[in-house]
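Novice: Before we start, here is the structure in question, set down as structure tokens.
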Amino acid sequence: MDLSPYLHALWYVLPSYFANMSPVLLGGGKPLDMGKNFIDGRRILGNHKTVRGFLSGLLIGSLVGALQGRLLQGFALSLGAMLGDCIGSFLKRRLGIAEGRPAPILDQEGFLVFSLLLASPIESLSLESILFLLVITPLLHWGTNLMAHLLGLKEVGH
Ligand code: CTP
Ligand code: MG
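In terms of my numbering, the sequence shown opens at residue 1496 and continues consecutively.
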């Protein structure tokens, strides 16, 4: 069995994983939506999407990309991850799902899909690699969330 497409996929996506994990540790403070409501009367994004979290994800993910010798790609992946994360929260609020409550698929794959989209003009992945990432990411996501929950970093371990 040739593992290289899978190893390449994990190496490729490493900046998005780091970007996605950073806000849990470094986020907090002012919400990105400035506390404002959308036209449906619910919050645009909610209190859990903060300016500091967004910027820390962008910074740490780009740093990982720089260490890989792929600064621009790391930046695109991180920006995609942070935008995808916010789009996920925007959709959750529209659906009436409270901040921090789970939304299957959206929570686990949203950041990944937008990450891959934004980075694809720089370097595209094979279909096999993309499918692998779509399968493995929710598993890694649940694993790290459980750990964050057990360490008291996150209220809900989803
Ligand atoms: N976080 C942050 N800023 C961001 C993204 C995340 O400060 N831009 C922090 C928040 O403390 C958040 C935690 O990271 O509670 C976990 O992020 P995530 O699971 O993406 O958010 P949820 O708490 O599930 O909120 P939502 O329902 O809006 O997705
Ligand atoms: Mg969440």
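Every residue, glycine too, gets a C-beta built ideally from N, C-alpha and C. Small disclaimer: the values here were computed from a predicted structure and weren't measured.
State whether the stretch 1537-1554 contacts the stretch 1634-1644, with contact taken as three or more CB pairs (one from each stretch) at a distance under 8 angstroms.
Specialist: In short, these stretches do not touch, since the Cβ pair count stays below three.
Novice: So does the stretch 1553-1573 actually touch the stretch 1594-1608, counting three or more Cβ pairs closer than 8 angstroms?
Specialist: As far as the Cβ criterion goes, the stretch 1553-1573 does not touch the stretch 1594-1608, which means the pair count is below three.
Novice: Determine the closest residue to R1565 out of I1625, Y1501, I1617, A1504, with distance taken between C-alpha atoms.
Specialist: Nearest C-alpha to R1565: I1617.
Novice: Assuming F1606 and S1511 are in contact, meaning their beta carbons sit under 8 angstroms apart, how far apart are those beta carbons, in whole angstroms?
Specialist: Rounded, the Cβ-Cβ distance is 6 angstroms, consistent with contact.
Novice: What's the C-alpha gap between M1496 and G1524?
Specialist: Cα to Cα, the separation comes out at about 47 angstroms.
Novice: Which residue's Cα is closest to the Cα of L1574: L1648, N1515, P1526?
Specialist: Out of L1648, N1515, P1526, N1515 has the C-alpha closest to the C-alpha of L1574.
Novice: Using the C-alpha atoms, what's the distance from L1626 back to L1648?
Specialist: So the two alpha carbons sit approximately 30 angstroms from each other.
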